[in-house]
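Chains as they are written, first to last, in the numbering used here: chain A, 233 to 410; chain B, 3 to 204. We treat Cβ as the ideally placed atom computed from N, Cα and C, and that holds for glycine. Beneath this line is the structure, given in structure tokens, with notes to follow.
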Amino acid sequence: MGTLHQISGDLSKRWRRTLELLSATGLSPLRGESSLVAKLGISDHDFASESPTSGVRLGNNQVVWIRDDAPRDSLEDEYRGVGVLDEIPTAHKATIAATSALESKPLEGELTTQDFHLYLVGADLPGGSNASENRELGAVFGRWFGEWAGALKDASRRDGQLAGITNKDSVRVLKHLP
Amino acid sequence: MLRHFRPDYDRLDRAEKAALLKGMCERLDTFHEALDGLVAFAEYGRYHSRKGKLKKLKSSAKNVRHYVRVALMSDVEGLKHEEVGKRLGSWVRPDEETWKVKRDASTPRAWVARGRRLLQAAWGEKGWAARVAAKEVQRRRWRGLSEREKVLEATAELIAASADLPVEETLRIIELGEPDEKDGALYVHEAFSRGIEKLTEE
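Dropping the structure here:
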């Protein structure tokens with residue numbers, strides 16, 4: 233029941249904590265603009281204007297780091313340039329490395345594309361990974377699992393990717409994926 | 003890291019230490035490559051729905067560098083769009099007849115606009131305007147410097163960037179190392195090393 237326990241309660245807490253951690257580093261794409269660029273999760277331009285390095289999210293979702301006062305390339309350069317880095321700053325990289333080590337584990341065995349479709353049917357269910365933390369755990373599992381079985385039956389009829397799946401497959405996927 | 007995991011590391015002979023260090027460096031390279039790939043994929047990994055598979059990861063940094071460069075030419079150096087295009091050499095002016103009618107270097111204009119939008123996204127409109135003003139001051143100051151002063155300052159900027167120090171602090175360390183009158187960047191590096199040594203002794 234360890235995995236089911238994670239689905240019902242712990243997982244949402246863990247992901248919230250992870251996203252908060254990433255958000256604190258300025259990496260979370262919580263805000264954005266539909267134009268070419270959008271500043272990364274920072275709405276206060278006055279604050280941003282003081283920092284020499286600033287992250288900018290491009291239209292393809294990539295984040296580039298713009299650094300003012302880059303060293304001159306030659307003595308002909310009369311002013312210091314602006315550097316563009318596509319490597320994330322070391323401190324942010326360290327956060328992601330630590331978060332990956334803490335919040336993930338290697339997969340045991342290989343998962344197929346169908347397995348991921350299967351997982352997503354469960355994850356998309358209302359109350360799946362967001363089950364109320366105050367409700368009685370057993371009842372939550374029972375209801376959620378019942379809903380998943382129903383959703384799987386529907387999905388297997390409508391979606392060729394999920395044709396022929398069984399409840400046994402879903403348990404196998406749960407074992408692998410949080 | 004080796005010392006942390008292996009209390010006996012300092013007692014090993016040099017051949018073993020060298021082999022372990024080499025092995026660690028190779029594994030760290032692999033780790034960094036994997037981490038960079040993970041972040042890049044999380045950020046801009048894309049699915050090709052028609053082909054039903056993931057697209058090849060492609061960084062846009064090169065284009066961004068180009069847009070930023072042309073925005074600097076326009077906003078700081080005051081070049082017209084046509085002049086920006088000419089300096090880059092990658093823009094072909096329309097034939098004389100068309101140019102007489104249109105008088106619009108639309109491609110360089112679009113590059114400048116993109117670069118400016120990026121820079122304003124990074125620091126805000128006011129922030130970018132303030133940086134442009136600061137760079138204009140830098141230009142005027144730079145023109146008044148001697149060749150030797152330019153070498154000193156440009157080398158200090160490079161040292162500062164690689165040592166992650168402010169340029170002012172780097173120049174102070176170089177002064178502490180008493181740079182001699184020789185020409186070239188090497189004397190600046192030597193003075194910086196002497197300055198660091200003096201600071202360590204203090």
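Asked	Found
Beta carbon proximity, residue 72 of chain B to chain A, threshold 7 Å	no
Selection from B:203, B:33 and B:194 that minimises the alpha carbon distance to residue 330 of chain A	B:33
Inter-residue spacing [alpha-carbon to alpha-carbon] between residue 90 of chain B and residue 289 of chain A	26 Å
Outcome for residue 154 of chain B when other beta-carbon atoms lying within 10 angstroms are tallied against a minimum of 16	buried
Below-7 Å beta-carbon distance, residue 338 of chain A vs any chain B residue	no
7 Å Cβ cutoff, residue 351 of chain A in contact with chain C	Note that chain C does not occur in the displayed structure, where the protein chains are A and B.
Close beta carbons around residue 317 of chain A, own chain, < 6 Å, minus the five adjacent residues each side	297
Presumed contact (8 Å Cβ cut-off) between residue 76 of chain B and residue 114 of chain B, rounded CB distance	4 Å
Opposing strand residues paired with residue 353 of chain A [DSSP bridges]	DSSP output for residue 353 of chain A lists no bridge partner at all.
Contact list for residue 294 of chain A against chain B, beta-carbon separation under 7 Å	45, 46, 61 and 62
According to DSSP, residues forming a beta bridge with residue 300 of chain A	A:314
8 Å Cβ cut-off: residues of chain B touching residue 303 of chain A	156, 159, 160, 162 and 163
The region 149–169 of chain B in contact with the region 318–327 of chain A per 3-pair CB rule at 8 Å	no
Under 8 Å from the C-beta of residue 137 of chain B: neighbouring residues of chain A	311 and 312
Beta-carbon gap between residue 69 of chain B and residue 117 of chain B smaller than 7 Å	yes
Residues bridged to residue 56 of chain B (per DSSP)	B:49
Cβ neighbours of residue 393 of chain A in the same chain (closer than 8 Å, five flanking residues each side left out)	345, 346 and 349
Residue from A:299, A:293 and A:292 with nearest C-alpha to residue 133 of chain B	A:299
Burial state of residue 59 of chain B (16 or more Cβ within 10 Å)	exposed
Buried/exposed call for residue 168 of chain B, threshold 16 Cβ in 10 Å	exposed
The ligand NAD heavy atom lying under 6 Å from the CB of residue 332 of chain A	Looking for the ligand NAD in the displayed structure turns up nothing, as the structure carries no ligands at all.
Residue 193 of chain B to residue 141 of chain B span [Cα, whole Å]	26 Å
DSSP three-state assignment for residue 203 of chain B, whether helix, strand or coil	helix
Contact belief for residue 110 of chain B with residue 86 of chain B at Cβ below 8 Å, rounded distance in angstroms	4 Å
Residue-level contact to chain B via CB, residue 329 of chain A, 7 Å cutoff	yes
Three-way DSSP call (helix, strand, coil) for residue 139 of chain B in this model	helix
Simplified DSSP assignment, three categories, for residue 74 of chain B	helix
Reference residue 106 of chain B, options B:83, B:123 and B:200, closest by Cα	B:83
Residues that residue 343 of chain A contacts on chain B, provided the C-beta gap is smaller than 9 Å	Simply none; closest approach about 15 Å.
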